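Participant: Take this structure first; my questions come after.
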Amino acid sequence: MATTSRRLRPKDFEGDAPVVARALIGAIVLIDGVGGRIVETEAYDREDPASHSHSGPTPRNQAMFGPPGRAYVYRSYGIHWCMNFVCREDGHGAGVLIRAVEPLYGIDRMIARRGLEDVRLLCSGPGRVGQALAVTHAFNGMRLDQAPFEVRAASEDVEVVVGPRIGISKAADVPWRFGLAGSRFVSRPFPKPVSLRA
DNA sequence: CTCTTGATTCTCT
DNA sequence: GAGAATCAAGAGA
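Using the UniProt record's numbering, read the first sequence as starting at 1 and increasing by one per residue.
Here it is as structure tokens:
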């Protein structure tokens with residue numbers, strides 16, 4: 001249950017983006033009681049050409065340069081709301097994109113918002129997560145350790161898989177995408193590990 | 001100012 | 001697999 005694991009505080013988000021992104025796999029995220037287990041994340045930071053923060057603070061990305069443990073929400077393709085968790089305590093412009101969630105709580109509300117009943121498709125993508133959890137710009141900059149957010153650490157060790165990020169043209173080969181091994185709720189399959197011998 | 005490009009998803013072919 | 005929906009940054013004139 002969500003109440004069995006420790007609630008994450010800002011200090012838990014002070015690490016580098018890839019470290020936090022990996023640590024968030026298996027964590028529970030809820031907005032107004034609706035959500036589930038994080039099964040896919042991607043890391044971004046200022047040195048990364050693919051990151052919104054790469055060219056410094058702007059009105060849109062200012063949350064990324066603020067305190068860690070807060071949300072950075074942006075509009076994607078003029079249609080979708082995508083949510084990041086801001087990390088690092090030094091205003092570096094680092095964050096973790098929440099790409100997929102395994103629906104566990106408030107599934108009926110997610111179904112209503114998404115207009116689908118296939119649980120597997122409710123939160124399997126950053127735009128889908130935004131719609132299922134009713135994310136909007138109103139959440140931009142808000143603390144993740146206060147209502148309506150509830151973020152809890154993974155209650156047990158989980159096996160994490162890594163791969164290149166999705167939907168970007170710059171630094172597309174950087175392996176900063178993390179996923180829960182074997183999860184059916186990721187947005188896309190992870191590349192199979194390179195076999196050393198045929 | 002105009003032009004291009006997206007950290008995407010859905011629908012139709 | 002291709003195209004649309006739809007808008008805010010970012011780049012360039």
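In this text, a Cβ means the ideal position worked out from N, Cα and C, and glycines have one as well.
This structure is a prediction, so every number in the text was calculated from the model and none was measured.
Name the two residues that bound the continuous beta strand (DSSP E) containing Pro103.
Facilitator: Within the first sequence, the letter at position 103 stands for residue 103. Element bounds for Pro103: Ala94 to Tyr105.
Participant: Tell me which same chain residues have a C-beta within less than 8 angstroms of the C-beta of Ile166, skipping the five on either side of it?
Facilitator: Along the first sequence, one-based indexing puts residue 166 at 166. So the list reads Glu42, Arg99, Arg177, Ser187 and Arg188, once near-sequence residues are dropped.
Participant: Three-state secondary structure (DSSP) at Ala171?
Facilitator: Locating residue 171 in the first sequence gives position 171, counting from the first residue. In this structure, Ala171 counts as coil in the three-state DSSP scheme.
Participant: If you count every other CB in all the chains shown that lies within 10 Å of the CB of residue 203, and 16 or more means buried, which is it?
Facilitator: Residue 203 lies beyond the stretch modelled for the chain, which goes from 1 to 198, so this question has no answer here.
Participant: Evaluate contact between the region 54-71 and the region 11-21, counting only Cβ atoms and requiring at least three cross-stretch pairs below 8 angstroms.
Facilitator: They touch, by the three-pair rule.
Participant: In the DSSP assignment, find the unbroken beta strand (DSSP E) run with Arg152 in it and report its ends.
Facilitator: For the purposes of this step, residue 152 is taken as the residue at position 152 of the first sequence. Segment Phe149 to Arg152, the beta strand (DSSP E) holding Arg152.
Participant: Taking DSSP as the reference, what is the three-state secondary structure of Val186?
Facilitator: Here the question's residue 186 lines up with position 186 in the first sequence. Coil at Val186, not helix or strand.
Participant: Would you say Val135 and Trp81 are within 7 angstroms of each other, going by their C-beta atoms?
Facilitator: What you label residue 135 is simply residue 135 of the first sequence in a count that begins at 1. What you label residue 81 is simply residue 81 of the first sequence in a count that begins at 1. A contact, by the Cβ cut-off of 7 angstroms.
Participant: For Asn61, which option in Tyr74, Phe139 and Ala50 has the closest C-alpha, if you only look at C-alpha atoms?
Facilitator: Taking the first residue of the first sequence as 1, we reach residue 61 at position 61. Asn61 has its Cα closest to that of Tyr74, out of Tyr74, Phe139 and Ala50.
Participant: How many angstroms separate the CA atom of Arg22 from the CA atom of Arg113?
Facilitator: Stepping through the first sequence from its first residue, residue 22 is reached at position 22. Stepping through the first sequence from its first residue, residue 113 is reached at position 113. Going from the Cα of Arg22 to the Cα of Arg113 covers about 28 angstroms.
Participant: Residues in the same chain with beta-carbon distance under 6 angstroms from Leu122, minus the five sequence neighbours each way, listed in chain order, please.
Facilitator: On the first sequence, residue 122 is found 122 positions in, with the first residue counted as 1. These residues qualify, in order along the chain: Pro103, Met110, Arg114 and Ala132.
Participant: Can you tell me whether Asp118 is buried or exposed, with buried defined as 16 or more other CB within 10 angstroms of its CB?
Facilitator: Taking the first residue of the first sequence as 1, we reach residue 118 at position 118. So Asp118 ends up on the exposed side.
Participant: According to DSSP, which residues form a beta bridge with Gly35?
Facilitator: Within the first sequence, residue 35 is the residue found at index 35, counting from 1. The partner list for Gly35 (beta bridge, DSSP) reads Leu30 and Tyr105.
Participant: Do Phe190 and Val161 have their C-beta atoms closer together than 7 angstroms?
Facilitator: Position 190 of the first sequence, counted from the start, is the residue given in the question as residue 190. Position 161 of the first sequence, counted from the start, is the residue given in the question as residue 161. Going by C-beta atoms, Phe190 is nearer than 7 angstroms to Val161.
Participant: How would you label Ile79, buried or exposed, when you count the other beta carbons within 10 angstroms and need 16 or more for buried?
Facilitator: Translated into the one-based positions of the first sequence, residue 79 becomes position 79. Per the 10 Å Cβ criterion, exposed.
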